Amino acid sequence: MTSEPATNYWSTQAYVNKADYVKPGTEILSMLQPGPNERILDVGCGNGDLMAEVVAAGALPAGIDLSEEMVRRARQKYPELNFQAEDICHYRTDVRFDAVFSNAAFHWIKDAPAVAQSIWLALREGGRFVAEFAGSGNVAVLTSAMQQVLEEHGYAWAGRNPWYHPTIGEYASLLEQTGFRVTLAQHFDRPTPLKGNTGVRGWLDGFAGYFFSDVTCEDRATIYRAIEAKVKPHLERGGQWMVDTSRLRIIAIKESV
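Residue numbers are given in the working numbering: position 221 of the sequence shown equals residue 221, and the series is strictly consecutive.
The structure is reproduced here in structure tokens:
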């Protein structure tokens, strides 16, 4: 479920511990509809759980993830499956896949044109691309609070945000320019509950660590408390934290040349 840039923008262990936060990727399988003997590529395969479900449908999947640690975990969990540490931006293969899918990965990769081109090249003509990832407006309340608090503490905001959150029009247009025919494009809000007792602070450690890479430990604790105070009126109800997530869902077909 991950395809991180060269810099480690998130904590692998924290990501695994908060797997429920990204778990709704099972919904993507109903969009993918894997069939017997189909060759399917999972981009940002993470710990391999979705690939295991693709196998159960009779398909022949391969998984890639930029995180060597996640690939190691996937191989330990599913030693019979094919996982490789690869960068989708530069991924090339002689295999032509019937489908490529990705869940909760592409918002970590700003070079979206390179991603689209790699996927187009990996598909056979008529093959399908299915993806879900964060879209425009995702975690806007948290992002705004992070910017305000960091700047108040003397940390410049420029260059901190590693995320790619396109609008539905931007991403559909990119795919069309690459040679895809977009058959489904959805942009929807999906408020997501945070489990455990660490709340927003745990989310900041697990999913937004890059924003604080140059922040001292002492400042970080103070900044986390300030961010939590800013977002609490918007994201906490009766002791339950709900992150303001929004998602894009895409299905596209590789057109014949």
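Virtual Cβ for every residue (Gly too), placed ideally from N, Cα, C. As the structure is a prediction and not an experimental result, all values here were calculated from the model.
- The C-beta distance from Arg73 to Asn103 rounds to 16 Å, too long to meet the 8 Å contact threshold.
- The three-state reading of DSSP puts Lys254 in strand, counting E and B together.
- Going by beta carbons, Val100 and Leu81 fall outside the 8 Å limit.
- If the five residues before and after Glu68 are omitted, its C-beta is found closer than 8 Å to the C-beta atoms of Ala85, all from its own chain and listed in chain order.
- Counting the other Cβ atoms within 10 Å of the Cβ of Glu228 gives 16 or more, which makes it buried.
- Residue state for Trp163 is assigned as coil, using DSSP reduced to three classes.
- The secondary-structure analysis by DSSP pairs Glu236 across a beta bridge with Trp241.
- When the beta-carbon positions are compared, Met51 and Gly63 come within less than 8 Å of each other.
- Distances from the alpha-carbon of Arg190 to those of Ala208, Ala57, Val95, Gly135 put Gly135 closest.
- The Cβ-Cβ distance between Leu41 and Glu132 does not fall below 8 Å.
- Remark: C-beta atoms of Glu38 and Asp98 approach each other more closely than 8 Å.
- Residue Phe212 holds the alpha-carbon nearest to the alpha-carbon of Gly159 among Val243, Gly126, Phe212.
- Considered as a whole, the segment 90-149 harbours 97-103, 123-134 as its complete beta strand (DSSP E) runs of no fewer than 3 residues, in chain order.
- DSSP, reduced to helix, strand and coil, places Ser67 outside both helices and strands of the structure shown, so it counts as coil.
- Residue burial is scored here from C-beta neighbours: Ala105 has at least 16 other C-beta atoms within 10 angstroms and is therefore classed as buried.
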